[in-house]
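Protein chains in written order, with the working numbering: chain A, 104 to 299; chain B, 104 to 299; chain C, 104 to 299; chain D, 104 to 299.
A quick write-up on the structure given underneath.
Protein chains: 4
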Amino acid sequence: MNKDRLLAFSDGVLAIIITIMVLEMHAPHGANLSDLRPLVPVFLSYVLSFVYVGIYWNNHHHMMHTVNRVNGKILWANLHSLFWLSLVPFVTAWMGQNDFAPFPMAFYGVVLFMAASAYDILERQLVAHHGEDSVLSRATGKRRKEKLSVLLYLSGILLAFVQPLISLGIYMLVALIWIVPDKRIERALESRQTKL
Amino acid sequence: MNKDRLLAFSDGVLAIIITIMVLEMHAPHGANLSDLRPLVPVFLSYVLSFVYVGIYWNNHHHMMHTVNRVNGKILWANLHSLFWLSLVPFVTAWMGQNDFAPFPMAFYGVVLFMAASAYDILERQLVAHHGEDSVLSRATGKRRKEKLSVLLYLSGILLAFVQPLISLGIYMLVALIWIVPDKRIERALESRQTKL
Amino acid sequence: MNKDRLLAFSDGVLAIIITIMVLEMHAPHGANLSDLRPLVPVFLSYVLSFVYVGIYWNNHHHMMHTVNRVNGKILWANLHSLFWLSLVPFVTAWMGQNDFAPFPMAFYGVVLFMAASAYDILERQLVAHHGEDSVLSRATGKRRKEKLSVLLYLSGILLAFVQPLISLGIYMLVALIWIVPDKRIERALESRQTKL
Amino acid sequence: MNKDRLLAFSDGVLAIIITIMVLEMHAPHGANLSDLRPLVPVFLSYVLSFVYVGIYWNNHHHMMHTVNRVNGKILWANLHSLFWLSLVPFVTAWMGQNDFAPFPMAFYGVVLFMAASAYDILERQLVAHHGEDSVLSRATGKRRKEKLSVLLYLSGILLAFVQPLISLGIYMLVALIWIVPDKRIERALESRQTKL
């Protein structure tokens, strides 16, 4: 079974997720600069979530590039991953509208953590389907970035109850770590070509 | 006439349906854990409907894989199927916002029943267009899962007026039955390859 | 310049238009059957508009099937056509929420009339780009259905101020006339193949 | 890495942006012609923004036509460009709902200016990736239209505080300058073919 429709559907869902978040930024009733002030945390939350969905799309793009075929399990692992990402607009709005309060900050971290776990499951399904010697398997390697992100998400969730802005800083840090598309996959693809 | 645009359009509509449902889950005004409590039934309804739309997308994906060409009747049968699925966000919101009350539960079942019937019509149109000996025709066979689902939907609709939570359980059960992508199609495809 | 992205973009816009209309059907607060009653005209409007957008998508699908290449003028003619269709959700909501009152009924007709005119311009641009002897040119022929629709839309707009339900009947009639995908194009394609 | 998914994702996002703007045009509660009057500036803002997003889509279509391959930097430059365009619905609503007041008019210009800058960065990344002798590089040439637009946007932003309707006129003027798809790219493509 080929991967084309899985990509088309995922692109559609990610494009919608990234775009509907902006609907939470309601145009204020007044027309002064001060009317925009309450929107500042909403806007910052939007930027952060836009970057996160962008990261997922980029990595999905890279990961799927190495994939040849899909099966039923992979379709569901992909849907599972999209499910958690579909909750990003909700937690983004909750966080932004409550000035980065503890519970919304913690829940934002929970959703990011679940999305990362779901992505990890998808990656493992793809590796299982293509073999330990596949490009993807060699590219992901020791998963250091994945392990670090999990630790950071967990600290972000816990520290939200101490000082929510620390959590915000941590979530920004994870985004920075991932903003570079997965060089490992590009390298693995190149090394394969070199061998040929 | 080829099937590419039918797939692209269906993927678009299903991606939008699955994603706009989350818009019904409005971020609460307060920032405490208790503010999320009224959203629990809304969230559960969202999960169930996400799984249902995911099932339709998966099965659509499998079914269309066996199809070579489409005609005007098939385009309309497909649109008819998408029409009923487009009502899923509405009944999901009604059900979730009213804590699984009898009428919303029954209507949720009616929409699922109509979506299933419309999918059935689409399948028959495809079989009619490709012949009784086609992969799809042999794959669907005696339609035992289809007949069972219809019975379960009808009991879900009726039992909503006795105890709505039984209906909820029934709808979850039907989802479980279908969550496995149509193995019959994968088997039929394989058996064809074996013969060759 | 090839037509693939024009199709992808149009499919995206039409898929979104057809799906966001359902967002205007807000889940009622109560959970009784009577709470659905005020939604009946909204639902009927949704069905009618769903059919109209479906007709446009089907005909767009058929028309573009005969097309080989596009240019800048065609891109804008297509965007112009999508612009008027993008107003369908607005007039649908206005019509449904006001129980088919005269002005909303007339405006619904105006938007349909403008969408039909824009589609006509697109068709002429395509014919101009492909030559009078092209499949599309021969398929559209004397444009009897187009001329009849224009007359019917105009009567629908005027009669809205006499009896809006007559307009509703007229708009349903036009939908019925077009619900059959453009057989002329299928015939023209076949006759070309026969000659070869 | 090929460009197909970048196009599919961009088409999706642009299709959603262009369509959700219409959601800001809420159907009025009354059913008289006078009930539409407050919507006139909202409608005009919608038309202007529809044209702008249409221009971006058209130019993106033309620019990407000359491109063969993409890398991680280009993916992010493209996302950055989509980010600013995703703010168009917000500033459109703010402008339309406040009858073209100074601050909304200025912010509309800021978002257009940022979108143009982001598009410029994307174009430079593509040129850098394909070489100074590529079709795209020769097509964009001296960037006279780009420089003129920047000047016009800046005057639009400043003049909003003198007379916002002048800004509106300026933004319409820039749209007119760009409404013609990039002839330079069509010419550059043709001249290449002539040489061959």
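Using N, Cα and C, we set each Cβ at its ideal position, and we do this for glycine too.
Because the structure is a prediction, the values reported are computed rather than measured.
Taking the alpha carbon of residue i as the reference point, which residue from the options has its own alpha carbon closest?
i	options	result
residue 141(D)	178(D), 196(D) and 157(D)	196(D)
residue 226(D)	178(D), 275(D), 128(D) and 126(D)	178(D)
residue 116(C)	131(C), 129(C) and 159(C)	159(C)
residue 135(C)	264(B), 275(B) and 279(B)	264(B)
residue 173(A)	234(A), 156(A), 190(A) and 246(A)	234(A)
residue 143(A)	119(A), 203(A), 105(A) and 132(A)	203(A)
residue 250(D)	216(D), 239(D) and 232(D)	216(D)
residue 189(B)	108(B), 114(B) and 106(B)	114(B)
residue 279(C)	214(C), 209(C), 248(C) and 260(C)	248(C)
residue 275(D)	152(D), 105(D) and 107(D)	152(D)
residue 182(C)	266(C), 108(C) and 267(C)	108(C)
residue 238(B)	154(B), 112(B) and 169(B)	169(B)
Which of the three DSSP states, helix, strand or coil, is assigned to residue i?
i	result
residue 212(B)	helix
residue 173(A)	coil
residue 219(A)	helix
residue 203(D)	coil
residue 275(D)	helix
residue 237(C)	coil
residue 135(B)	coil
residue 230(C)	helix
residue 180(A)	helix
residue 130(A)	coil
Specify, as a first and last residue, the run of the alpha helix (DSSP H) that residue i falls within.
i	result
residue 107(B)	107–123
residue 192(B)	191–200
residue 249(C)	247–262
residue 144(D)	143–168
For the putative contact between residue i and residue j, defined by C-beta atoms under 8 Å, what is the C-beta separation to the nearest angstrom?
i	j	result
residue 218(D)	residue 252(D)	Contact flag wrong, Cβ pair sits at about 11 Å.
residue 167(C)	residue 257(C)	Going by Cβ atoms, the distance from residue 167(C) to residue 257(C) rounds to 28 Å, so no, they are not a contact pair.
Can you give me the Cβ contacts of residue i inside the same chain, cut-off strictly under 8 Å, excluding the 5 residues immediately before and after it?
i	result
residue 146(A)	128 and 199
residue 262(B)	269, 270 and 273
residue 138(B)	131 and 132
residue 240(A)	230, 233 and 234
residue 105(B)	172 and 173
residue 154(D)	278 and 282
residue 236(C)	none
residue 224(A)	180, 183 and 184
Keeping to the same chain, check which residues put their C-beta closer than 6 Å to that of residue i; ignore five residues upstream and five downstream.
i	result
residue 277(B)	252 and 255
residue 228(D)	176, 177 and 180
residue 148(A)	195, 198 and 199
residue 211(B)	194 and 198
residue 209(A)	260 and 263
residue 246(A)	none
residue 201(D)	207
At a cut-off of 7 Å, would you count residue i as near the ligand PLP, judging by its Cβ distance to the nearest heavy atom?
i	result
residue 194(D)	With respect to the ligand PLP, the structure offers nothing, as it holds no ligand at all.
Once the 5 residues before and after residue i are set aside, which same chain residues still bring their CB inside 7 Å of it?
i	result
residue 192(B)	120, 123, 124 and 127
residue 187(C)	214, 217, 218 and 221
residue 267(D)	203, 204, 205 and 208
residue 156(D)	117, 120, 121, 188 and 191
residue 150(A)	none
Can you pull the chain E neighbours of residue i, defined as C-beta to C-beta under 7 Å?
i	result
residue 160(C)	Annotation note: the requested chain E is absent from the structure, which comprises protein chains A, B, C and D.
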